[in-house]
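Visitor: Going letter by letter, the first sequence gives residues 13 to 968 in this note's numbering.
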Amino acid sequence: MEYQPRVIEKKWKKWWEENAIYKVENISDKPKFYVLDMFPYPSGSGLHVGHPLGYIASDIFSRYKRLKGFNVLHPMGYDAFGLPAEQYAIQTGVHPAKSTAKNIARYREQLDNLGFSFDWNREVQTCDPSYYKWTQWIFLQLFEHYYCKDADSAKPISELIACFEKVGNGKVNAATSQENSFSSDDWNAFSNKEKDDVLMNYRLAYRKVTYVNWCEELGTVLANDEVKDGVSERGGFPVERKPMLQWSLRITAFAERLLNDLNDIEWSDAMKKMQSNWIGRSTGAQMFFDLDGNEGQIEIYTTRPDTIFGATFMVVAPEHDLVAQITTDSQKSAVDEYVKYVGARSERERMSETKTVTGAFTGAYCLNPFNGAKIPVWISEYVLKDYGTGAIMAVPADDERDRRFAEKFGLDIVEIIDKSMHEGATIEDKVGKMINSDFLNGMEVLEAIQAINAKLVEMGIGQAQVNYRLRDAIYSRQRYWGEPFPIMYDEEGVSHPMNISDLPLELPELDDFKPASGAKSPLARAEEWVNFKEGWTRETDTMPGFAGSSWYFLRYMDAKNEEAFAGQDAINYWQDVDLYVGGTEHAVGHLMYARFWHKFLYDKGLVPTNEPFRKLINQGMIQGVIESMYMLKEKVEGQAKFVCAGLVKKGKYAEDNTTKIPVYVDYIQNYGSSDSYMNIDSIKKFIDWRPEYEHAIFECANGVYQNGGFNAFDGVTESHLITVSEVGKMSKSKYNVINPDDVVEKYGADTFRMYEMFLGPVEQSKPWDTKGIDGVSKFLRKLWSLSHNEEGKYIVTDDEPTKEELKILHTCIKQINQDIERFSFNTCVSAFMVCANGLRSGKCHKRAIIEPLTILVAPFAPHIAEELWHLLGHETSVNVATYPVHKEEYLKEDSITYPICINGKKRATAAFSADSSKEDLEKGALALEEMQHWFEGKTIRKVIVVPNRMINIVVG
RNA sequence: GCCGAAGUGGCGGAAUUGGUAGACGCGCUGGAUUCAAAAUCCAGUUCACGCAAGUGAGUGCGGGUUCGAUUCCCGCCUUCGGUACCA
13 MEYQPRVIEK
23 KWKKWWEENA
33 IYKVENISDK
43 PKFYVLDMFP
53 YPSGSGLHVG
63 HPLGYIASDI
73 FSRYKRLKGF
83 NVLHPMGYDA
93 FGLPAEQYAI
103 QTGVHPAKST
113 AKNIARYREQ
123 LDNLGFSFDW
133 NREVQTCDPS
143 YYKWTQWIFL
153 QLFEHYYCKD
163 ADSAKPISEL
173 IACFEKVGNG
183 KVNAATSQEN
193 SFSSDDWNAF
203 SNKEKDDVLM
213 NYRLAYRKVT
223 YVNWCEELGT
233 VLANDEVKDG
243 VSERGGFPVE
253 RKPMLQWSLR
263 ITAFAERLLN
273 DLNDIEWSDA
283 MKKMQSNWIG
293 RSTGAQMFFD
303 LDGNEGQIEI
313 YTTRPDTIFG
323 ATFMVVAPEH
333 DLVAQITTDS
343 QKSAVDEYVK
353 YVGARSERER
363 MSETKTVTGA
373 FTGAYCLNPF
383 NGAKIPVWIS
393 EYVLKDYGTG
403 AIMAVPADDE
413 RDRRFAEKFG
423 LDIVEIIDKS
433 MHEGATIEDK
443 VGKMINSDFL
453 NGMEVLEAIQ
463 AINAKLVEMG
473 IGQAQVNYRL
483 RDAIYSRQRY
493 WGEPFPIMYD
503 EEGVSHPMNI
513 SDLPLELPEL
523 DDFKPASGAK
533 SPLARAEEWV
543 NFKEGWTRET
553 DTMPGFAGSS
563 WYFLRYMDAK
573 NEEAFAGQDA
583 INYWQDVDLY
593 VGGTEHAVGH
603 LMYARFWHKF
613 LYDKGLVPTN
623 EPFRKLINQG
633 MIQGVIESMY
643 MLKEKVEGQA
653 KFVCAGLVKK
663 GKYAEDNTTK
673 IPVYVDYIQN
683 YGSSDSYMNI
693 DSIKKFIDWR
703 PEYEHAIFEC
713 ANGVYQNGGF
723 NAFDGVTESH
733 LITVSEVGKM
743 SKSKYNVINP
753 DDVVEKYGAD
763 TFRMYEMFLG
773 PVEQSKPWDT
783 KGIDGVSKFL
793 RKLWSLSHNE
803 EGKYIVTDDE
813 PTKEELKILH
823 TCIKQINQDI
833 ERFSFNTCVS
843 AFMVCANGLR
853 SGKCHKRAII
863 EPLTILVAPF
873 APHIAEELWH
883 LLGHETSVNV
893 ATYPVHKEEY
903 LKEDSITYPI
913 CINGKKRATA
923 AFSADSSKED
933 LEKGALALEE
943 MQHWFEGKTI
953 RKVIVVPNRM
963 INIVVG
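1) In three-state DSSP terms, what is D430?
2) Given F770, which residues of its chain have a CB within under 6 angstroms of its CB, disregarding the five upstream and five downstream residues?
3) Just the C-alpha distance for I634 and V677, rounded to the nearest angstrom, thanks.
4) Out of C913, I807, I828, which one is the CA nearest neighbour of G885?
5) If you scan the segment 56-103 from start to end, which runs of the alpha helix (DSSP H) of 4 or more residues do you find wholly inside it?
6) Between the segment 125-136 and the segment 160-171, are three or more C-beta pairs nearer than 8 angstroms?
7) Of the residues I750, L868, G530, H508, which one's Cα is nearest the Cα of L821?
8) Roughly how many whole angstroms lie between the Cα atoms of K25 and D484?
9) Mind checking who D49 pairs with in its DSSP beta bridge?
10) For A409, tell me which candidate among S449, E121, A652 has the shortest Cα-Cα distance.
11) Looking at L940 and A923, is the spacing between their C-beta atoms short of 7 angstroms?
12) Looking at Y152: is its Cβ nearer than 7 angstroms to the Cβ of P509?
13) Count the C-beta pairs between the segment 664-673 and the segment 640-653 that are closer than 8 angstroms, then say yes if the count reaches three, no if not.
14) Could you check what DSSP says for N964 in three-state terms: helix, strand or coil?
15) Spell out a yes or no on whether the segment 417-426 and the segment 329-347 are touching, meaning 3 or more CB-CB pairs, one atom from each, closer than 8 angstroms.
16) Contact check, G594 vs G66 under 8 angstroms by CB: the rounded distance?
17) Count the other CB atoms, across all protein chains shown, that sit within 10 Å of the CB of S189; report buried if there are 16 or more and exposed otherwise.
18) Does the segment 96-110 come into contact with the segment 737-745, if we say contact requires no fewer than three beta-carbon pairs (one atom in each stretch) closer than 8 angstroms?
19) Considering only C-alpha positions, which residue in the set D553, M641, S294, V243 is nearest to R219?
20) By the 10 Å Cβ neighbour count, where 16 or more other Cβ atoms means buried, how is Q477 classified, buried or exposed?
21) Which partner residues of I499 appear in the DSSP bridge assignment?
22) Just to confirm my understanding: we take V756, look at its own chain, exclude 5 residues before and 5 after, and list those with CB closer than 6 angstroms. What are they?
23) Helix, strand or coil: which one does DSSP assign to N465?
24) Just to confirm my understanding: we take F612, look at its own chain, exclude 5 residues before and 5 after, and list those with CB closer than 6 angstroms. What are they?
25) Tell me whether the beta-carbon of I291 lies closer than 7 angstroms to the beta-carbon of L154.
26) Pick helix, strand or coil for P408, following the three-state DSSP scheme.
27) Could you check if W701 is buried or exposed, using at least 16 other CB atoms within 10 Å of its CB as the buried criterion?
28) Give the list of continuous alpha helix (DSSP H) stretches no shorter than 4 residues that lie fully inside the segment 561-639.
29) For N133, which option in M88, E121, R118, D162 has the closest C-alpha, if you only look at C-alpha atoms?
30) Relative to the C-alpha of L818, which residue among V327, S529, P864 is closest?
31) For my contact list, K1005 and H898 are in at a C-beta cut-off of 8 angstroms; report their separation, rounded to the angstrom.
32) Can you have a look at M13 and say buried or exposed, based on whether 16 or more other CB atoms are within 10 angstroms of its CB?
33) Can you tell me which of E667, F497, H800, K445 puts its alpha carbon nearest to the alpha carbon of V542?
34) Take E551 and list the residues in its own chain whose beta-carbon comes closer than 6 angstroms to its own, dropping the five residues that flank it on each side.
35) With respect to 6 angstroms, is the separation between the Cβ of A265 and the closest non-hydrogen atom of the ligand GDP below this value?
What follows is the structure, given as structure tokens:
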């Protein structure tokens, strides 16, 4: 028969399933290999062509590893808790569990359509109680542990309590937010509530006051990306920063290990750098400044303690606890107003708008501990409450932001470092000699830092300190669709963990998913669930998205275990993930949290490895083309009016007076290019789709279309309404989502898989374009035709292959091997094409060539490979074949064609026998007739011969 | 703003360690086949000048190192991802 992807793909999918070809056992003689994809959030718009890019790459690699003799774990599941399902529930009343299940079913169908080799027996869904039971369990483990810095390991909180009972906290070296020290007598005298509060300062999962984006009008907490310019993206309502008591995870305790262990894993330098910058380790000093005429001190952190004599003012975060206490009456209104202004600004805005300086003076002063100088205390948004101590000493002479602040508010600038010896040194460079700095004068910067740190300790007003930019992770969400906290509060408000035997704590049924009053999670509405016992309440917040995704890769190892998050035998066999494929958008979020959880489990002895993901490769995003029309903001004669982008460009209509209305890309001619446009047909399709624009006006450069008629200006019959083309995320709202099902329906899954790979390097982002797919489709037909004649008859022979045929095959084997190992799948596809073209022009139909080629192509195009494999007479799957190995002897060349260059530029080529010596090559090149005119009137200065590469003649 | 990545023909991209820039594919042009079309096959296709042989230019922009730079270094521009509650 002829190549019919629809028929053979269906057939083999069924066969694979019936024969459980992709089922993986936890016991095997073969070496293990774990290939993992970042699991998807099952969104309502379904899978688009961008999602499978990484899945195809990892599937190819998994199949390749299986053929190479590994026992490969290659699972898939769903990150199924999340905001979109909850918002959908609020809008439609459909329970998130229901819409999520529906979306998952859709995803599964779409994934199945692509011929992946997932072992679906191991599927996980984070929203499944049998899964989140263990998410809750791990949370409780975090709750019941603290971080011991001496052991550099997490330890049970019970050991800490025992220590408090005996000696208090004075000798404890732990990661903590506890500021006061207490004795064993103090501890034993504490009430339960006081003890709970103290322990919260040590637990790895703990409660503290943190800030959320609160929108009063919407009655909800907003994500940062739901806030634009201080107002909610939906509706444009004001948003304020509101303090709330929330759960956090003490990830900062693991900061040093998260940083150091990057050295042991095979991630790209870019990815490691992003993580290490996120952790942001800095060495500096903690310093205390007495307040002038006020009780207490200001604690600051600085990386440049040497610049203390240039500190002409202090800046504390507007939310800092001290602000209310130290602000003088005369400054109170200014400070209050400023605090209010900052409250309406997102953290991102505060960080990014560094050109405009804002702030307010508290009226208070503190004292320089070395010379007693009075230093004014200001507040400004550029100092963040959660970074360092939330207060800095400002040194305008040596810090860009401080200088701008000083200039704006007329504060003193005292030069303290003479950099004249260091030409080109920037303000950040730690070089130069100290001036105007009392006892530091004349020292080099690095020397001065040492000296001042010693002095701080001596005077008891500070010390050298390591600080991290990394902050503890806020773990509470005021949402319904997440894991409930297995935490109960008693009459005194003391937190108690639930018993493991009572887990999972399932979400209560609700029919209204809107937030409850007072910034409370919707769970607060489930009163019976919350007040489950007289005087006791449950935590009503739920866990964030990263909870379920921080450990899911461990669950795959033993997905059905009811006794543990995964059995120890399974974990000890699979160890860790050998290859993790996912997008860079998770660089610092998910990947950091998962590493943190893994290290915690490692400390507990529950996993054998210190790091979860040995090798990481990043897949780029496949973007969509967004096509939109300009619509005037004001209606014309009661009708919407669309205008050609050309007219906007020429200035007939101002862009400010228009909005962009996205249009289905299918309607557009030349979509994705600068001359994309809509013709009359497109406009009609658009109106069919959006009937509200039935009578709208469409003005083009050459005429106006309205009510079904085109009124041309110039006798033309075709309208050209130019549209705006942009590249961006594929999303439902942009009408540019391409469903892989449609592509598979037309070309087959094998073509789709190979085409996605052929588009370019996996790591690179690129816009989707179906146009080029024909080339890959043709390739597969060519591959088919190697074993079939024009009538579709099977024509494979047992003839001996020629030297040339063996060379083509073995070149291909070598390259595919090399390229898969370096994850260069696009060049693999090219190599296959070159091979098929070569064999076809030689009319090769020989088993000795086609059989190895079939195995080679199986990871990429598994369906056609399985069909060909069985046609070749095999009973078992091509998946259990043995991968071919190339033989160098077939690749040897008798002669090599060298480029002959003049001053590095190719001017001719010439073939020389492969065993020519350097001298022969030089002589031969110089003697070439076509080269002679390049030597005329010039001197040959040098001849560079690189064997097997090139010959370069330097003339001048 | 900060952190990270990318930029090569009309388009997607190749060039693995500093050594023939444009493999492979799309598109386009011409031809074969066909009553015609689709499909298929063959040839050509970086740009400029030239009938041609050929000559010159050329990997975002500006410099540098080198016999030789898409590749290394310095300074910019543009686009994309992240920026801690999108996932």
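Yeah, the Cβ is synthetic: ideal placement off N, Cα and C, and Gly gets one too.
Guide: This is what the structure holds:
1) strand
2) Closer than 6 angstroms at the Cβ level, and outside the excluded window around F770, lie V788, N838, V841.
3) 16 angstroms
4) I807
5) 64-79
6) Too few Cβ pairs lie closer than 8 angstroms, so no.
7) L868
8) Rounded to whole angstroms, the gap between the alpha carbons of K25 and D484 is 47 angstroms.
9) DSSP lists V593 as partners of D49.
10) S449
11) No, Cβ-Cβ distance for A923 and L940 is not below 7 angstroms.
12) Before going on, a small fix: residue 152 reads as Leu here, not Tyr. Result yes, Cβ atoms of L152 and P509 sit closer than 7 angstroms.
13) yes
14) strand
15) no
16) 6 angstroms
17) exposed
18) no
19) D553
20) buried
21) P509.
22) N125, F764
23) helix
24) A166
25) no
26) coil
27) exposed
28) 564-567, 580-586, 602-615
29) M88
30) P864
31) The structure shown does not extend to residue 1005, since the chain spans only 13 to 968, so no value can be given for it.
32) That one is exposed.
33) Cα-wise, what sits closest to V542 is F497.
34) F497, I499
35) By its list of ligands, the structure shown contains no ligand whatsoever, and the ligand GDP lies outside what it can speak to.
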